[in-house]
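Okay, so here's the structure we're looking at.
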Amino acid sequence: MKPKTDSIYFKGIIHNRSDSNDLLFNPGDLVIVKRGIERLIILRCPCGCGDDLLINLDKRAGKASRLYSKFKSYTLYPSYWRDNGCHSHFILWDNKIYWFGRDIESNECIAVSKQIENKILEVLKEDEFTHYLDLADECGLDPWECLQACKQISKKGLCKAKKGKYKEYFKKTNPKSRKSSFKSE
Ligand SMILES: [Zn+2]
Numbered sequence: 014m015k016p017k018t019d020s021i022y023f024k025g026i027i028h029n030r031s032d033s034n035d036l037l038f039n040p041g042d043l044v045i046v047k048r049g050i051e052r053l054i055i056l057r058c059p060c061g062c063g064d065d066l067l068i069n070l071d072k073r074a075g076k077a078s079r080l081y082s083k084f085k086s087y088t089l090y091p092s093y094w095r096d097n098g099c100h101s102h103f104i105l106w107d108n109k110i111y112w113f114g115r116d117i118e119s120n121e122c123i124a125v126s127k128q129i130e131n132k133i134l135e136v137l138k139e140d141e142f143t144h145y146l147d148l149a150d151e152c153g154l155d156p157w158e159c160l161q162a163c164k165q166i167s168k169k170g171l172c173k174a175k176k177g178k179y180k181e182y183f184k185k186t187n188p189k190s191r192k193s194s195f196k197s198e
């Protein structure tokens, strides 16, 4: 076992899966397999178990994750949950790993800017709930920053989450009932 890491380390784009053997050494090392389009992520498990996680990006090959990249920073959606072996469960957001059971529940995520909050407030509807992924697409944001922004504005009483186990749908609070809805949160 190597120590657990909280970051990923981008090691390059490769054409064949087997080329990853020469590039992945430490927990968090990551390559993207690209042939025409991005096909697959190979990530040396950040938990330190030494296994390589294969994350499909190609919709034609079945259930696929979305990879967002900006300025050499990578974000993956949805969260990754390994159903065997080490059972790693984490979010990859801006090259950082946020672990379920440690970071996520305790809200140890990066606060996002007021600018992002405002972008979302502009498109949030008052009369129906919208999933944060749809809001993210509409605003050109990645899903995690969008979800974080929704949580932040919900704390301020400006929007509210649909009741349920997972707070994934949000709508704008009616300004007239804002005070009372804030109390009931
Ligand atoms: Zn692992």
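Sequential numbering of the sequence shown, starting at 14, is according to the numbering used here.
Quick reminder that beta carbons are idealized off the backbone N, C-alpha and C, glycines included.
- The residue among Pro40, Leu160, Lys189 and Leu171 with its C-alpha nearest the C-alpha of lysine 180 is Leu160.
- When secondary structure is reduced to three states using DSSP, aspartate 35 falls in the helix class.
- Looking only at Lys138, Cys58, Asp64 and Gly170, the smallest Cα-Cα distance to isoleucine 104 is reached by Cys58.
- DSSP lists no bridge partner for arginine 73.
- The criterion of a C-beta distance shorter than 8 Å is not satisfied by glycine 63 and lysine 17.
- Per the coordinates, the alpha-carbon of lysine 47 lies some 43 Å from the alpha-carbon of lysine 169.
- Ligand 1 never approaches cysteine 159 closely enough for any of its heavy atoms to be under 7 Å from the residue's Cβ.
- Excluding five sequence positions before and after glutamate 135, none of the CB atoms of its chain fall closer than 7 Å to its own CB.
- Relative to ligand 1, the beta carbon of serine 92 is positioned no closer than 7 Å to any heavy atom.
- Shown here for cysteine 172: same chain residues with a beta carbon closer than 7 Å to its own, the five before and five after excluded, namely Leu137, Cys163, Ile166, Phe183, Lys184, Lys185 and Thr186 in chain order.
- If you draw a straight line from the Cα of cysteine 99 to the Cα of leucine 89, it comes to about 20 Å.
- For aspartate 64, the shortest C-beta to heavy atom distance toward ligand 1 is below 7 Å.
- Leaving aside the five residues that flank glycine 75 on each side, the residues in its chain whose CB is nearer than 8 Å to its CB run, in chain order, Asn69.
- Boundaries cannot be given for valine 125, as no beta strand (DSSP E) includes it and DSSP labels it neither H nor E.
- Comparing alpha-carbon positions, the option among Phe142, Leu67 and Trp106 lying closest to leucine 37 turns out to be Leu67.
- Close CB contacts of lysine 24 within its chain, under the 7 Å cut and outside five residues either way in sequence, are with Leu36, Leu37, Asp42, Leu43 and Val44 (chain order).
- Cysteine 172 has Lys185 as its beta-bridge partners, per DSSP.
- Secondary structure remark: continuous beta strand (DSSP E) runs of at least 3 residues inside the stretch 51–117, in chain order: 65–69, 79–83, 86–90, 102–106 and 109–112.
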